Amino acid sequence: MLDSTSGSSRVQATIGLADLFTIGIGPSSSHTVGPMRAGHAFAEAALDRGQPVSVSCELFGSLALTGKGHATDTAVILGLAGQLPETVDPDAVAEMVATIRSEQQLKLGGHVPVPFVEGTHLIFRGDRFLAAHPNGMRFVAHYADGEPYETFWYSIGGGAVVEGGCEPPQTNVKLPFAFSSGAELLAVAERQGATIADIVRANEAAWRDDAETDAFLDSLRGAMSACIERGIRGEGELPGGLKVKRRARDLHARLMARGPRSDPSLVFDWVSLWALAVNEENAAGGRVVTAPTNGAAGVIPA
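Taking the working numbering, the leading residue of the sequence shown gets 10, the next gets one more, and so forth.
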């Protein structure tokens, strides 16, 4: 049995599995997932203050310079329309955004119609970097009979966002086995005669019970497996204009023709396939698990 009285327990700003692993869509945690969350949060806050007659978003710095390639514009539009990266249907994204663009209108928070014309209500400011962070956004809501509501949001990496003037959120909890480095984690595990997994699971109890942790991990595994399956079925070119052809489907067909997965000589070919399938899904805007970023999403599933 693990002994949490051994002196490693302490209160500290920390992160858990739910901070490291989140379900979202590609291609980027900082340039897609984060902006969608920011747009969603702004929409909710704007609606709490009344019924806007118009909204706008300016993208600064890196978000503006590489936003088209990372679908930042699509992400902001979806977020403003009430979508979240963990629940939006990747197969419906293209149609949703196309409808908003053709009608030049979106339903803020999924409810209130407001005009939305790119270039007027969504502006790329690649020549300006905000002092707080290179991934900055400025949202403004206008009301018929009141002062505008303005706020800045920053996408700080891994899909996390903070509102202007706010520090990154921290959770101060008492962990039974606190550590702040890999060396400390190994030392705690050795002292307890436990595995790394044992230590991490014991710490997760500070946030939720075992059943909830199991359900969360099952959801991650399900999302990863579904991503692999989608990846090995995908065809055609990846978005972005570079004419990169998807390769996972053909590689899967070749491996299936060569024999069972248990063949030792093919093990690493299968591992490469699974990583490639996830990475291609991420590039195509599919659903992935940040681990802890979209760019690394193929590692753990493989």
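Beta carbons are placed, not taken as given, at the ideal position from N, Cα and C, and that holds for glycine.
Note that the structure is predicted; figures quoted are calculated from it, not measured.
{"Item": "The region 70 to 85 in contact with the region 128 to 135 per 3-pair CB rule at 8 Å", "Value": "yes"}
{"Item": "Complete beta strand (DSSP E) runs within the region 178 to 205 (minimum length 3 residues, chain order)", "Value": "180 to 184"}
{"Item": "Where Phe51 falls: helix, strand or coil (DSSP)", "Value": "helix"}
{"Item": "Cβ neighbours of Leu29 in the same chain (closer than 6 Å, five flanking residues each side left out)", "Value": "Pro301"}
{"Item": "Through-space distance from His49 to Gly25, alpha-carbon basis", "Value": "24 Å"}
{"Item": "Reference Asn303, options Asp100, Val171, Asn291 and Ile205, closest by Cα", "Value": "Asn291"}
{"Item": "Delimiting residues of the beta strand (DSSP E) encompassing His151", "Value": "Gly145 to Tyr152"}
{"Item": "Val106 - containing beta strand (DSSP E), residue span", "Value": "Looking at the DSSP string, Val106 is not in any beta strand (DSSP E); the run it does join, the alpha helix (DSSP H), is Pro99 to Glu112."}
{"Item": "Straight-line Cα distance separating Glu193 from Val308", "Value": "24 Å"}
{"Item": "Rounded C-alpha distance that separates Ala198 from Gly167", "Value": "27 Å"}
{"Item": "Secondary structure of Ala169, DSSP reduced to three states", "Value": "strand"}
{"Item": "Under the three-state DSSP convention, the category Glu67 falls into", "Value": "strand"}
{"Item": "Contact the region 105 to 120 vs the region 43 to 63: 3+ CB pairs below 8 Å", "Value": "yes"}
{"Item": "Buried versus exposed, by CB contacts within 10 Å (16 or more), Met233", "Value": "buried"}
{"Item": "Where Ser190 falls, given that 16 or more other Cβ within 10 Å makes a residue buried", "Value": "exposed"}
{"Item": "Cutoff 8 Å: Arg255 Cβ touching any chain C Cβ", "Value": "In summary, chain C is missing from the structure at hand, where a single protein chain is found."}
{"Item": "Continuous alpha helix (DSSP H) stretch holding Arg263: start and end", "Value": "Ala257 to Arg267"}
{"Item": "Simplified DSSP assignment, three categories, for Gly88", "Value": "helix"}
{"Item": "Cβ neighbours of Gly268 in the same chain (closer than 8 Å, five flanking residues each side left out)", "Value": "Leu275"}
{"Item": "Spatial neighbours of Tyr158 in its chain, beta-carbon cut-off 6 Å, leaving aside the 5 residues before and after", "Value": "Ala55, Arg58 and Ala150"}
{"Item": "Counted within 10 angstroms of its Cβ, other Cβ atoms place Thr96 as buried (16 or more) or exposed", "Value": "exposed"}
{"Item": "Cutoff 7 Å; reference Ala80; Cβ partners in own chain excluding five residues on either side", "Value": "Pro36, Thr41 and Gly294"}
{"Item": "Bounding residues of the beta strand (DSSP E) (the contiguous stretch that carries Thr31)", "Value": "Thr31 to Ile34"}
{"Item": "Whole-Å CB distance - Phe225 paired with Ala27, under 8 Å assumed", "Value": "7 Å"}
{"Item": "Environment of Leu229 [buried if 16+ CB atoms lie within 10 Å]", "Value": "buried"}
{"Item": "Beta-carbon spacing of Leu11, Asp207 below 8 Å", "Value": "yes"}
{"Item": "For Thr204 and Cys66, the rounded distance between their alpha carbons", "Value": "47 Å"}
{"Item": "Proximity of Ile34 and Arg296 at Cβ, strictly below 8 Å", "Value": "yes"}
{"Item": "Coarse secondary structure for Val253, derived from DSSP in three states", "Value": "coil"}
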